[in-house]
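Here's the structure, in structure tokens; my notes come after.
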Amino acid sequence: MTVGLGGLCVQGVAGKGITWMITVEATHWSHAFPFTEEPSLYTVKALFILDNDGNRLLSKYYDRELYPSIKEQKNFERNVFNKTHKADNEIAFVEGMTVVYKSSIDLFFYVVGSAQENELMLVSVLSCLFESLSQILRKNVERRCLLDNMEGVFLIVDEIIDGGVILESDPQQVLQKVNYRADESPLSEQSVAQVLQSAKEQIKWSILK
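Position in the sequence shown (from 1) plus 5 gives the number in the numbering used here.
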């Protein structure tokens, strides 16, 4: 039996001990098998917020193979902070990763992607995160207000990114989804305490794994 498909010719004999012969014309190879073109899916490898001293306030890593331990994550964050906190740029390349960042008073916001990632997509995530937080914090984007509203911060991050996949880049859509309005009162101390306790539990289980 012989089957021809473009530049691909497949020949075989039915029965026991089947033998096949496959020939491919070189001129058609790149069209039939575009191995050099990898499928692209805009993803975020990590997102974290540090204070003015480089200490972690919030951190999420979506790629389990990227810095799997908390120690490795904090080392990476420290390297990123050291390279960016005195720089005037908005993008950096650290340890083979693309990092876009933004600062506000005593906070630094970072979104991390692979070296091949579309920088504009990462910037759109960063801008959405900052604008969303700016509204729930009444434009007072600084450490104390952030810590006082951690539940809102977690909700916003989860609405923007899910498992590393970008869900939303429009701040207004994000705020609607988390049921926030600019005139709403800050979150209660009890709500903040619950979120912080949940975060501690997540860290504990991460260490035990």
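Glycine included, every Cβ here is placed at the ideal spot set by N, Cα and C. Remember, it's a predicted structure, so these values are computed and weren't measured experimentally.
field: Supposed contact pair residue 116 and residue 52 - C-beta distance, whole angstroms, cut 8 Å
entry: 5 Å
Between the CA atoms of residue 87 and residue 108 - distance to the nearest angstrom: Our two residues, residue 108 and residue 87, have alpha carbons roughly 14 Å apart in a direct line.
query: Can you list, in chain order, the residues of its chain whose CB lies under 6 Å from that of residue 97, leaving out five sequence neighbours each side?
result: Hits under 6 Å: 88, 89 and 104.
message: Taking the beta strand (DSSP E) that residue 61 belongs to, which residues open and close that run?
response: 61 to 66
task: Name the one or two DSSP bridge partners that residue 108 has.
output: 113
message: So, for residue 165: in the same chain, excluding its five sequence neighbours on each side, which residues have a beta-carbon less than 8 Å away from its beta-carbon?
response: 130, 133, 134, 137, 171, 172, 173, 174 and 179
task: Quick one: give me the first and last residue of the beta strand (DSSP E) that residue 56 is part of.
output: 51 to 56
message: I believe residue 112 touches residue 147 by the beta-carbon criterion, under 8 Å. Please report the beta-carbon distance rounded to the nearest angstrom.
response: Right, their Cβ atoms sit about 6 Å apart.
message: When you compare the CB positions of residue 61 and residue 95, do they come within less than 8 Å of one another, or not?
response: no
- request: Determine the direct distance from the alpha carbon of residue 58 to that of residue 176, and round the result to whole angstroms.
  value: 28 Å
query: At which residues does the alpha helix (DSSP H) containing residue 179 begin and terminate?
result: Run containing residue 179: 176 to 182, per the alpha helix (DSSP H) assignment.
field: residue 65 versus residue 80 - alpha carbon distance
entry: 14 Å
query: Just curious, the beta strand (DSSP E) that residue 99 is in, first and last residue?
result: 96 to 99
query: Going by beta carbon distance, what residues of the same chain come within less than 8 Å of residue 120, once the five residues before and after it are set aside?
result: 98, 101, 102 and 103
query: From residue 71 to residue 142, what does the alpha carbon distance come to, in whole angstroms?
result: 31 Å
field: Exposed unless 16 or more other CB atoms sit within 10 angstroms - verdict on residue 50
entry: buried
Below-8 Å beta-carbon distance, residue 163 vs any chain D residue: Of the chains in the structure shown, none is chain D; there is only one protein chain.
task: Have a look at the DSSP bridge pairing and note the partners of residue 167.
output: 170
- request: Can you tell me which of the three DSSP states residue 119 falls into?
  value: strand
- prompt: By how many angstroms is the C-alpha of residue 163 removed from the C-alpha of residue 150?
  reply: Between residue 150 and residue 163, the C-alpha separation is close to 19 Å.
- request: Use the C-beta contact count for residue 154: other C-beta atoms within 10 angstroms, 16 or more gives buried, fewer gives exposed.
  value: buried
field: Short Cβ contact (8 Å threshold) for residue 157 with residue 67
entry: No, they are not a contact pair.
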